[in-house]
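Counted from 1, the sequence shown has number 124 at position 124 by UniProt numbering; the numbering is strictly sequential.
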Amino acid sequence: MLGKHTLDAAFGQFVTILKWVAWKRDVFIAKVDKNHTSQICPNCGFHTDKKLLSQREHNCPECGYCTHRDVAAAQVIRNRGVEDYALGLSVSENVCGDGLAGAAMSSQESVKQKLLSVSLRIPR
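So, in structure tokens, the structure goes:
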């Protein structure tokens with residue numbers, strides 16, 4: 001039983017250190033709901049059925065999006081974080097700069113692409 005308590009304490013200490021390092025480096029972190037991430041499509045938000053652990057691919061019957069199950073779950077967690085903590089702005093305002101001088105009007109698809117590149121820091 002001592003091992004379980006030690007592991008719990010170690011994880012708690014890790015979270016404390018992570019928060020401190022993020023604060024020191026001026027990086028925002030937040031908790032998001034981890035439940036049912038493999039049942040939601042990260043592309044369209046459609047709720048797929050519960051998958052068997054042996055099923056490693058995410059295939060959305062609604063939009064046709066296909067990727068590895070773990071990648072899709074990580075994308076859902078990212079989407080939840082961006083939706084919940086967009087600093088009081090709508091996601092499209094926060095990502096695309098809507099309403100700013102020189103900012104072009106954006107479609108929903110370009111918002112998703114810019115959101116992906118900004119949140120994952122993926123170069124285009």
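Yeah, the Cβ is synthetic: ideal placement off N, Cα and C, and Gly gets one too.
- By the neighbour-count definition (other C-beta atoms within 10 Å, threshold 16), glutamine 13 is an exposed residue.
- Annotation: lysine 19 to proline 61 spans about 38 Å, alpha carbon to alpha carbon.
- The three-state secondary structure of glutamate 83, taken from DSSP, is helix.
- Per DSSP, the continuous beta strand (DSSP E) segment holding cysteine 66 begins and ends at 66 to 68.
- The residues Gln39, in chain order, have a CB closer than 8 Å to that of aspartate 49 in the same chain once the five nearest residues on each side in sequence are set aside.
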